[in-house]
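All remarks here apply to the structure that follows.
In the working numbering, the protein residues as written are 194 to 308.
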């Protein structure tokens, strides 16, 4: 699995402008959801679980390492959510790559107008 920091790193979208990449990502995701009807709720479930696990992790850290600064557990939770979501979004992007190609082929005119 390749890790993608930004959409411009995705080979299918490297030549597109910012608005075109947004349009392509949204359209490809809709195509993906049509082919996989349960994908939308599964993604929401994973996002929710990520937040819950990160919050539990932050609470656990607070109990293991007592700190008087109220912000520390929140920083831990935000960091945990960011790391988990980065890997999850990279995996999702890898699954969406065929849909990026398909969307670009089917909607070439709409994408070029978005420039």
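Even glycine gets a Cβ: it sits at the ideal position worked out from N, Cα and C.
**Request:** Kindly indicate which residue of 252, 249, 244 has the alpha-carbon position closest to the one of residue 278.
**Result:** 244
**Prompt:** Where residue 292 and residue 257 are concerned, what is the direct C-alpha to C-alpha distance, given to the nearest angstrom?
**Reply:** 45 Å
**Prompt:** Is the closest heavy atom of the ligand MN to the C-beta of residue 232 under 7 Å?
**Reply:** Looking at this structure, you won't find the ligand MN or any other ligand, since it has none at all.
**Request:** Keeping to the same chain, check which residues put their C-beta closer than 6 Å to that of residue 196; ignore five residues upstream and five downstream.
**Result:** 283
**Item:** residue 201 - DSSP class collapsed to helix/strand/coil
**Value:** Reduced to three states, the DSSP call for residue 201 is helix.
**Item:** When 287, 236, 269, 259 are compared against residue 250, the one with the closest alpha-carbon
**Value:** 269
**Asked** alpha helix (DSSP H) containing residue 227: first to last residue?
**Response** Looking at the DSSP string, the run of the alpha helix (DSSP H) that includes residue 227 is 211-228.
**Sub-8 Å separation of residue 209 and residue 295 beta-carbons** = no
**Prompt:** Quick one: is residue 303 buried, meaning 16 or more other Cβ sit within 10 Å of its Cβ, or exposed?
**Reply:** exposed
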